[in-house]
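To start, the structure itself, in structure tokens.
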Amino acid sequence: MFKPLYNPKKLLLSLLIGSTLSSFAYAEKIVVAHRGASGYLPEHSMAAKSMAYAMDVDYIEQDVVMTKDNALVVLHDHYLDGVTNVADRYPGRQRKDGRYYAIDFTLAEIKTLEMTEAFKMKDGKAKAVYARRFPIWASDFKVHTLEEEIEMIQGLNISTGKNIGIYTEVKAPWFHRHEGKDISTAVLKVFKKYGYTEKEDLAYFQSFDAEELKRVKFELLPKFNMDVKLVQLIAETSWGETMQYIDGKPEAYNYDWMFKPGAMKIISKYADGVGPWHPMVVAPESTKDKLVFTSMVKDAHQAGMKVHPYTFRLDEGQIPAYAQDFDNLLDIFYNQANVDGVFTDFPDRAVDFLKRQNNH
Ligand code: G3P
Ligand code: CA
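Heads up, the sequence shown is in the numbering used here, so the first residue is 916 and it goes up one at a time.
Encoded structure:
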């Protein structure tokens, strides 16, 4: 069907509210519920997403991986063993590295699993990553699909009259490509199906993979007649977050160029924002008496991009020593570093902070 070059409803709305108000709204600081309200309920569970929704966040995050039968499921890792009982339910289905890969299971198989708070195995026992969060194996949580989550968020947008967005990360596109799957195309098709097609729609598409983001920007978005907001996530090279196959061997993608002068300008050619790790904005050598800000926010703003650092947590040991408490940490980032939004596991605290500032 012919798609008009403009959306008549959106055009009328922007004429009604005027360009001043719409650019003011865009200038507001945002809260992204990182894996939902994951400080309170198991990450990426539908319950954590509903709780985040009720906290009046601006966007709810989805990390997405693919299954054997090409379903998109909402999981932080492309492994199942850190948040489910896959090892008990499907013994022997792990790969040589001992991990159970979501891509080796069908959606129907994954739906049989119990999901829980993130854990690591220690001396044969599951130990919660964050000791004081929701207890592991309590209650009943399941892995769900990207479509199921979007339908819940959009359903709540109808039933509550609020308008909360999605902030979706394609996980490890390099890995999916190596396994013969195109995760970015699959996610963009879901975006299109649910009406997220233009920059002003309440959706962000995020990735750590610069080459994949350029492919999305210059190849896939034009192909699907879409233009959604793109965010370049920034990692330390040593994390091995993005790999490249060189002569068949995986090597860590080198992020060093993203910290050099002119980098934000380069990124702005294909992205609308950056998502740095928070020490890339407020340097770790900062003290209570002397905060050290990198030039990333200023450079990104000069290049016309938003800055949404990750991840702000209240758990023991997670508040940097230079901050007095969580509120002070939010003040340092929102007000002093001047970021445009934060990813946080405790989104109620950030919403409350911004409301007290009349900025939400
Ligand atoms: O996507 C922003 C933030 O979530 C990046 O870190 O590892 O939690 O996906 P991660
Ligand atoms: Ca993420």
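We put the CB at the ideal spot given by N, CA and C, even for glycine.
Exercise. Between D1122 and V1146, what straight-line distance do the alpha-carbon atoms span, to the nearest angstrom?
Worked result: The question names Asp, yet the displayed sequence has Ser at residue 1122. The alpha-carbon atoms of S1122 and V1146 are separated by roughly 7 Å.
Exercise. Is it buried or exposed for M1179, if we count other Cβ within 10 angstroms and need 16 for buried?
Worked result: Counting of Cβ neighbours within 10 angstroms places M1179 among the buried residues, the total reaching 16 or more.
For this session: Out of A1238, T1100, A1265, state which residue places its alpha-carbon closest to the alpha-carbon of P1199.
Result: The closest CA to that of P1199, considering only A1238, T1100, A1265, is found on A1238.
Exercise. Can the beta-carbon of T1031 be found less than 8 Å from the beta-carbon of I1051?
Worked result: yes
Problem set entry | Cα-Cα separation between A962 and L956, rounded to whole angstroms | 7 Å
Exercise. Alpha carbon to alpha carbon, how far is D1255 from E976?
Worked result: 16 Å
Exercise. So D1242 and I1234 are in contact, right, with Cβ under 8 Å, and what is the actual spacing, rounded?
Worked result: D1242 to I1234, Cβ: 10 Å. No contact.
For this session: Please report the residue range of the beta strand (DSSP E) in which T1100 lies.
Result: Run containing T1100: none in the beta strand (DSSP E); it sits in the alpha helix (DSSP H), 1098-1108.
For this session: Could you name the residues of the same chain whose beta carbon sits closer than 8 Å to that of E1231, not counting the 5 residues immediately before and after it, in chain order?
Result: Cβ within range, chain order: A1046, R1047.
For this session: Tell me whether D978 counts as near ligand 2, meaning its Cβ is closer than 7 Å to at least one heavy atom of that ligand.
Result: yes
Exercise. At which residue ranges does the segment 987-1053 contain complete alpha helix (DSSP H) runs of 4 or more residues, listed in the order of the chain?
Worked result: For the segment 987-1053, whole alpha helix (DSSP H) runs of length 4 or above, ordered along the chain, are 1001-1004, 1022-1025.
Exercise. Does the Cβ of E1084 lie closer than 7 Å to at least one heavy atom of ligand 2?
Worked result: yes
Problem set entry | Closest residue to I1025 among E958, V972, L990, V1266 (Cα-Cα distance) | L990
Exercise. Alpha carbon to alpha carbon, how far is L927 from H1223?
Worked result: Note that L927 scores 39 on pLDDT, short of 50, meaning its location in the model is unreliable and no value can be drawn from it.
Exercise. So, A1118 versus K1144, is the Cβ gap smaller than 8 Å?
Worked result: yes
Problem set entry | Among S960, V979, H959, the one whose alpha carbon lies nearest that of F1106 | Nearest C-alpha to F1106: V979.
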